[in-house]
Amino acid sequence: MHRPATPFDFANMPAKPNEYHVSVLREEVTGFLMPAAGRIFFDGTLGGGGHSEALLLAGAEVVATDLDPDAINFASLRLGGYLGRFRPAQASFSQIDAVLEKFGVTGIHGAVLDLGLSSFEFDTPSRGFSLKGDGPLDMRLGPTVPRTAAEIVNTWPEAELARIFREYGDEPAARRVAARIVEERIRRPFESTLQLADCIARVVPKRSQIHPATRCFQAIRIAVNSELDELAAGLDAITRRLEPGARFAVISFHSGEDRIVKNFFRTRSTPWLDRPEWPAPRRNPLHLFHLLTSRPVTPTEAEIENNPRARSAKLRVAERLMP
Ligand SMILES: C[S@@+](CC[C@H](N)C(=O)[O-])C[C@H]1O[C@@H](n2cnc3c(N)ncnc32)[C@H](O)[C@@H]1O
């Protein structure tokens with residue numbers, strides 16, 4: 008089973024930032040957040056440190072979290088020159104309160120979440136996310152995540168597996184995949200990524216260039232790391248720490264994430280609520296934001312050509328209102 012590299016495992020790490028991860032919509036995020044000296048930003052998904060770097064380059068301070076010690080180690084090395092202005096912590100972004108307290112910070116002037124996985128996580132077979140090389144069925148973003156993909160695949164009831172494949176993976180063959188997994192695990196428990204990928208590929212027709220197990224792998228990863236619950240909790244917790252005028256930028260990569268982000272910002276950026284049974288519109292008690300992106304910002308064709316993993320990115324940004 009993969010044990011993330013602590014202390015820093017130099018042999019395991021790419022030498023250059025772009026070999027770890029190419030940041031998505033970096034210019035756009037920086038343009039919205041307007042970093043400057045004397046302002047403190049929260050980067051909840053540090054990864055290879057590309058978004059943090061853009062904020063630091065503009066003179067701002069950054070408090071950053073990542074669940075993955077590899078990310079903390081890699082970005083700390085990359086951003087070591089900003090000592091004093093860059094404060095990383097291995098934690099979930101939903102734990103922002105504890106992290107800010109640790110660093111003695113009360114409020115933030117902007118925040119960014121760039122959801123999902125880094126390329127390094129995706130492409131390292133020993134992490135269990137990859138469909139290219141064989142590895143253990145792990146898929147935990149960090150050592151504090153309490154269960155592995157193997158536990159889910161080998162122990163969850165068939166109906167639960169079908170539900171996550173449908174809800175988190177939009178997999179049309181969800182029920183058939185779940186049934187086949189349950190049938191096969193009785194004979195031999197699943198231990199490796201390619202063992203599971205082969206089983207799924209025998210049920211799901213190849214529809215495009217992407218591997219037929221891609222959607223189910225995404226679904227299992229989301230379940231392992233409770234990604235959607237963490238996102239909902241993180242949006243709330245981060246919002247409570249935004250100073251008036253602070254901007255909150257969130258990049259999502261699949262429909263389940265984007266739905267949560269869109270609804271979160273929409274319900275909090277509508278000043279008035281109206282219902283047919285009410286004599287007059289009422290003030291929305293949740294009204295906290297001015298939405299800056301009525302439609303999500305997406306990468307340019309040039310960015311997608313340079314970094315195909317950016318293709319499904321959607322950026323939504325809102326500004327905290329004055330009290
Ligand atoms: C797409 S990468 C971020 C890349 C980064 N913005 C950059 O420019 O290099 C997403 C990162 O978020 C981390 N992550 C995912 N869910 C998290 C959570 N709930 N809390 C903290 N980090 C999380 C992953 O481990 C991964 O390193």
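Start counting the sequence shown at 8; every next residue gets the next number (the numbering used here). Where is the CB? At the ideal position from N, CA and C, for every residue including glycine.
Three-state secondary structure (DSSP) of residue i
| i | result |
| --- | --- |
| E26 | helix |
| F197 | coil |
| E326 | strand |
| K109 | helix |
| I47 | strand |
| G123 | coil |
| K321 | strand |
| Q97 | strand |
| T72 | strand |
| I258 | strand |
| H9 | Legend: pLDDT at H9 = 43, less than 50; position of this residue unreliable, no value from coordinates given. |
| G55 | coil |
| A239 | helix |
| V31 | coil |
| R316 | helix |
| V184 | helix |
Cβ shell of residue i (< 7 Å), same chain only, five flanking positions each side left out
| i | result |
| --- | --- |
| C206 | R187, I188 and E191 |
| F129 | F136 and S137 |
| H9 | Legend: pLDDT at H9 = 43, less than 50; position of this residue unreliable, value from coordinates given subsequently. Excluding sequence neighbours, H9 sits near S133, R134, G135, P143 and D145. |
| A244 | S101, I103 and D104 |
| A169 | A181, R182 and A185 |
Spatial neighbours of residue i in its chain, beta-carbon cut-off 6 Å, leaving aside the 5 residues before and after
| i | result |
| --- | --- |
| T37 | A61 |
| E310 | A317 |
| A204 | L138 and A220 |
| R46 | A67 and H116 |
| G149 | L74 and D75 |
| S30 | G57 and H58 |
Own chain, CB closer than 8 Å to residue i, minus 5 neighbours either side, in chain order
| i | result |
| --- | --- |
| E264 | L122, G123, E234, L235 and L238 |
| G241 | G51, S99, F100, S101, I103 and L120 |
| L299 | F39, R254, V324, A325 and E326 |
| A208 | H218, P219 and A220 |
Expected contact under 8 Å - CB spacing of residue i and residue j to nearest Å
| i | j | result |
| --- | --- | --- |
| I217 | Y175 | Contact doesn't hold; Cβ gap of about 16 Å is too wide. |
| E250 | I115 | 7 Å |
| L328 | L295 | 6 Å |
| A96 | G66 | About 22 Å; that fails the 8 Å criterion. |
| F333 | A157 | With the chain represented from 8 up to 330, any question about residue 333 goes unanswered, as that position is not in the structure. |
>> Closer than 8 Å is the cut-off here; do at least three beta carbon pairs connect the region 222-231 with the region 271-286?
In response: The region 222-231 makes no contact with the region 271-286; the number of CB pairs closer than 8 Å stays below 3.
>> Counting beta carbon pairs with one atom in the region 251-270 and one in the region 90-108, are three or more of them shorter than 8 Å?
In response: Counting C-beta pairs closer than 8 Å gives fewer than three between the region 90-108 and the region 251-270, which falls short of the contact rule.
> Are the region 43-57 and the region 70-84 touching, with three or more C-beta to C-beta distances below 8 Å?
Replying inline: In the pairwise beta carbon analysis, the region 43-57 is classified as touching the region 70-84: at least three pairs are separated by under 8 Å.
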